[in-house]
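Each remark here refers to the structure printed beneath this line.
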Amino acid sequence: MDLCNKRRELMHGKHLNKVSRTKYQKSNREARKEMKEEKMERIEETCINIDTDMTTCSNKKAYNTLKTPTKGYSRR
254 MDLCNKRREL MHGKHLNKVS RTKYQKSNRE ARKEMKEEKM ERIEETCINI DTDMTTCSNK
314 KAYNTLKTPT KGYSRR
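This note's numbering puts the sequence shown at residues 254 to 329.
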């Protein structure tokens, strides 16, 4: 989240000069990379949970675990 906050701060000055633009681009790239890695870790963790539930014949729990990340998001 620190990278996202840094990216937000740099976003306002990205049109001023090339130095601030490159700082913003670098920060943006790092933030997207970190978010992508965290998403993959979460997906792998969910897959492991589903696999363990299926091996213990807990199909209902595995189905609910699978259904949770694929649900639509509600508005705040």
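The beta-carbon is built from N, C-alpha and C at its ideal position, and this holds for glycine as well.
Can you check whether the CB of residue j is closer than 9 Å to the CB of residue i?
i	j	result
L256	E294	no
S306	T318	In the sequence under discussion, the amino acid at residue 306 is Asp, which differs from the Ser named in the question. Cβ atoms of D306 and T318: closer than 9 Å.
Can you tell me where the alpha helix (DSSP H) with residue i in it begins and where it stops?
i	result
L308	For the sequence presented, residue 308 should be read as Thr rather than Leu. T308 -> alpha helix (DSSP H) spans 271 to 308.
Does DSSP classify residue i as helix, strand or coil?
i	result
K313	helix
K259	helix
K320	helix
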